[in-house]
Amino acid sequence: MAKKSAPPTIQLNKIIDRIPVFRAMPATARVQVLLGTVTAAVIIMLAGGYLGFMRHGFLGLLVGAVTGFLLGIILGWLIGSLLERFVGSSAGTGRLEILLDQPHSRYMLGDTVSGQVLLQSHMPLRSKGGRITLLCQGYFSHAPAADADEGAKLERSSEQLYQQQVDVVPPGELRRGSVQGFAFEVPLPASGIPSHHGYLCIVKWSLHASLLLENEDPLETNFDLLVESQPVALTPEAEYSEVATSPLAQLSLTLPRAVYAEGEVVQGQVSVRPLVNFFAEELRMVLLRIENTPEGDNRRVYVVEWDAAKGVFRGQRVPGGEGTTYYWLEGEVNLMNSINYRGLEPQAYPFAITIPREWRPTMQLVQGSVTWKLGVTLVPEDEPELNVFHELFIHTCVPRVSQLTSS
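Just so you know, we're using this note's numbering here: the sequence shown kicks off at 1 and counts up by one.
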């Protein structure tokens, strides 16, 4: 069978690769510079030949054509090179990509993140070596000083909580059009801070790949990771209970456990034991997420309405607390409206409330903290409210881990 010849474009690229002045340019830019050079050479050759013929006849045509052709090559190459240098090529010098062995996996502290760094070179390059960096970055917001305007924006600071680097790409020559994969393994620390997507407190884990190049800007890319928080280990108890008492009644909140995963349903019971006859306007339950950072104006903000798409909220700002504190209403259940309680006749109200899936687990750091509380409020007519709260420990692992740990 006859051997097929290579397409003209491939043959042209092979010829261009042998020319040193074009070898340092991206593939698309080299073709453009070459076409521009040839076009300029032909135009100036024709112009030079015509002018030479008009003045000196056939000899002038020959000299003018040759001179114009050479001058066209020089001018065309200079102009094309300048355009390539300052305008650049859409393809660039190359591209880095991080491909994980388990791209959609959630990681736990202590796991190993493995995959490969994919390198595509659009021009001949000389690598000075590349590495992949595991980063944990924290972002913490706080209200400005107490003397700031009421509508002043929050101030945010960032802090690097963890960093580990691994060399991945060795130094060496990279051919134009080559695609290479470099395997890597990076262990997550056995202890640390999990991912957290809060408002005042944000913790992000990511992989950052970078490749240093000789006489070129480095190639870089990032990949965000989700690192789960593990359930806290509590002393097993038959049930968890909180009680509050007033001259009117005793209010209690009872839970089977205090450790829950995001997405789980918290089930329990609220009991009202009246000590006297009284009328209550309302009995309601709230699920609160409380974010705090130590800096700020020592005020609390109770968020009553939140638009996640627009990133705006409506809330009530009152004195109290240390630093900057935000109370987020994550769930609400109305247990009873307008009821007459009779003394010494207790009433029980079972409930169920779901923990949202937002990657906002319980977190304790020097820079900021996030706590969850389940609260019940009894509103008697013309009397002070009666409140009881119980802290929940929220994590982002699968629910069965929580149940095994806390049972």
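For every residue, glycine included, the Cβ atom is placed at its ideal position computed from N, Cα and C.
| query | result |
| --- | --- |
| Burial state of residue 367 (16 or more Cβ within 10 Å) | buried |
| The stretch 375–383 / the stretch 243–258 touching (three or more Cβ pairs under 8 Å) | yes |
| Residue 303 and residue 329 closer than 8 Å at C-beta | yes |
| Contact set for residue 352: own chain, Cβ-Cβ below 6 Å, skip 5 residues either direction | 265 and 267 |
| Host beta strand (DSSP E) of residue 232 (start-end) | Element bounds for residue 232: n/a, residue is neither H nor E. |
| Enclosing beta strand (DSSP E) for residue 224 [first to last residue] | 216–225 |
| With 16 other Cβ atoms within 10 Å as the buried cut-off, status of residue 285 | buried |
| Nearest-angstrom Cα separation, counted from residue 219 out to residue 390 | 51 Å |
| Close Cβ partners of residue 161 (< 8 Å) along its chain, the five nearest in sequence each way excluded | 136, 137, 138, 192, 193 and 203 |
| Cross-strand partners of residue 167 (DSSP beta bridge) | 131 |
| Rounded C-alpha distance that separates residue 131 from residue 168 | 5 Å |
| Beta-carbon proximity list for residue 376, same chain, < 6 Å, skipping 5 on both sides | 253, 270, 285 and 388 |
| C-beta atoms of residue 107 and residue 188 nearer than 8 Å | yes |
| Coil, strand or helix - residue 380 by DSSP | strand |
| N-terminal and C-terminal residue of the beta strand (DSSP E) that residue 201 is part of | 201–213 |
| Residue 182 versus residue 222: straight-line alpha-carbon distance, rounded | 16 Å |
| Selected residue, minimal CA-CA separation from residue 205, among 293, 216 and 133 | 133 |
| Range covered by the beta strand (DSSP E) that runs through residue 109 | Element bounds for residue 109: n/a, residue is neither H nor E. |
| CA nearest to the CA of residue 175, picked from 217, 212 and 121 | 121 |
| Start-end ranges of the beta strand (DSSP E) lying completely within the stretch 271–317, minimum 3 residues | 278–293 and 299–307 |
| Neighbourhood of residue 336 by C-beta, 6 Å cutoff - its chain only, sequence neighbours within 5 removed | 283 |
| Rounded Cβ spacing between residue 299 and residue 317 (contact assumed at less than 8 Å) | 6 Å |
| Start and end residues, beta strand (DSSP E) containing residue 250 | 249–255 |
| Nearest-angstrom Cα separation, counted from residue 217 out to residue 409 | Residue 409 lies beyond the range of the chain shown here (1 to 407); nothing can be said about it. |
| 8 Å contact criterion, which residue 214 and residue 126 should meet: CB distance rounded | 4 Å |
| Whole-Å CB distance - residue 201 paired with residue 112, under 8 Å assumed | Not confirmed; about 27 Å, so no contact. |
| Backbone CA spacing between residue 409 and residue 93 [nearest angstrom] | Any answer about residue 409 is impossible in this case: the structure gives the chain only from 1 up to 407. |
| Rounded C-alpha distance that separates residue 85 from residue 124 | Unreliable placement is indicated for residue 85, whose pLDDT of 47 sits below 50; the coordinate value is still reported in the next sentence. Roughly 16 Å between the two C-alpha positions. |
| Distance between residue 156 and residue 274 (C-alpha atoms, nearest Å) | 48 Å |
| Cα-Cα separation between residue 243 and residue 272, rounded to whole angstroms | 10 Å |
| Same chain, Cβ closer than 8 Å to residue 277, five either side skipped, listed in chain order | 340, 341, 342 and 343 |
| Where the beta strand (DSSP E) through residue 328 begins and ends | 324–341 |
| Assigned exposure category for residue 104 - 16 Cβ within 10 Å defines buried | exposed |
| First and last residue of the uninterrupted beta strand (DSSP E) at residue 102 | Neither: residue 102 is in no beta strand (DSSP E) and is coded neither H nor E. |
| Cutoff 7 Å; reference residue 394; Cβ partners in own chain excluding five residues on either side | 260, 262, 355, 361, 362 and 372 |
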